[in-house]
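In my numbering, the protein residues as written are 9 to 78.
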Amino acid sequence: MKVYCGDRQTTSKYFDVNAWVQRMPLTNELESQLKTAKLKPYTAYAVNYIWQDAVTNLGSRVLGGVGLIC
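And the structure:
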């Protein structure tokens, strides 16, 4: 995965991330946090260390809601 800072067409600055994905069960606590953070679900994902969904959700909001995870 590469995370670009700025327009990736005009900049060569990016972060190269080496990681793995582990499936996490939806706990009652996380479900409650997601309902409470209805407008900002990325915050609930982040405090539970579910980084892929946190970054995806936040990125989707920045791009105008395309592929928004709720």
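Where is the CB? At the ideal position from N, CA and C, for every residue including glycine.
Between the CA atoms of residue j and residue i - distance to the nearest angstrom
i, j, result
"N26", "S40", "31 Å"
"K46", "V29", "24 Å"
"Q60", "K43", "19 Å"
"A52", "V70", "17 Å"
Under the three-state DSSP convention, the category residue i falls into
i, result
"P33", "coil"
"L47", "coil"
"G67", "helix"
"A62", "helix"
"A54", "helix"
"G75", "Because the pLDDT of G75 is 49, which lies under 50, any placement of that residue in the model is unreliable, and the question is left without a value."
Beta-carbon gap between residue i and residue j smaller than 8 Å
i, j, result
"N56", "L38", "yes"
"N65", "Y50", "yes"
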